[in-house]
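First residue of the sequence shown: 8, per this note's numbering; consecutive thereafter. For glycine and all other residues, C-beta sits at the position ideal for the given N, C-alpha and C. Shown next, in structure tokens, is the structure this report addresses.
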Amino acid sequence: MLSVLQDLYMKRKKNELELVLAVCWAIWYSRNRFVFEGKEEDPKKSAARAIAIVESYKRIKIPNEQTSPGHSRISQQEWVNPPKGCYKVNVDAAINVSNQKAGLVVVIRNSMGKVVAAAIQGAPYRGNVACMEAEAVLFGIQSAQQAACFPIIIESDSKEVVDLSLKKKISKTEFEWKIAEIQANLKN
């Protein structure tokens with residue numbers, strides 16, 4: 008699948024690749040709804056969801072200068088390639104509280120921004136979002152180790168987990184053991 012995406016990236020227009028990725032996500036989402044909730048979904052609805060995702064993404068990506076007066080601007084950090092010789096490991100956790108399950112996602116890119124590895128993994132939900140985000144960071148480090156991608160820069164949408172992992176914050180939470188495991192892996 009990764010080689011197909013790389014081929015699309017090299018030979019097709021950006022909007023075609025965005026749509027293919029959105030369709031892949033919509034299929035994955037529908038599959039998870041079926042597996043975890045027992046709900047079947049019409050494929051036409053999945054296709055419509057993919058198109059809506061791409062259109063929504065394009066609306067959000069409008070530069071700040073085009074924001075209409077009277078509307079507040081939302082500060083969103085833009086993704087930046089890692090420095091030459093480094094890899095960027097982006098991680099996230101998706102949680103289904105009702106079924107007590109989570110999905111962990113890792114995407115590893117080189118200094119040119121090209122995807123060199125990706126991984127997903129199911130996990131039981133441990134009752135704490137930050138704990139699952141920490142598990143995603145650990146999964147990202149382990150995936151980078153398996154792909155021999157070093158040195159790494161890790162990005163997560165959980166500031167708390169990042170601060171704890173980098174020892175910028177001290178906490179006695181229920182996911183402290185996962186942070187200790189992350190710190191041990193970062194030393195390697």
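In this structure, DSSP gives V104 a state outside helix and strand, which the three-state scheme calls coil.
Under DSSP, the beta-bridge partners assigned to P131 are K108.
In this chain, E162 is not harboured by any alpha helix (DSSP H); it is covered by the beta strand (DSSP E) spanning I159 to E162. Annotated three-state conformation of N97 is strand, per DSSP. In this structure, DSSP gives A126 an extended state, which the three-state scheme calls strand.
When DSSP states are grouped into helix, strand and coil, V136 belongs to the helix group. Taken through DSSP and simplified to helix, strand or coil, V144 comes out as helix.
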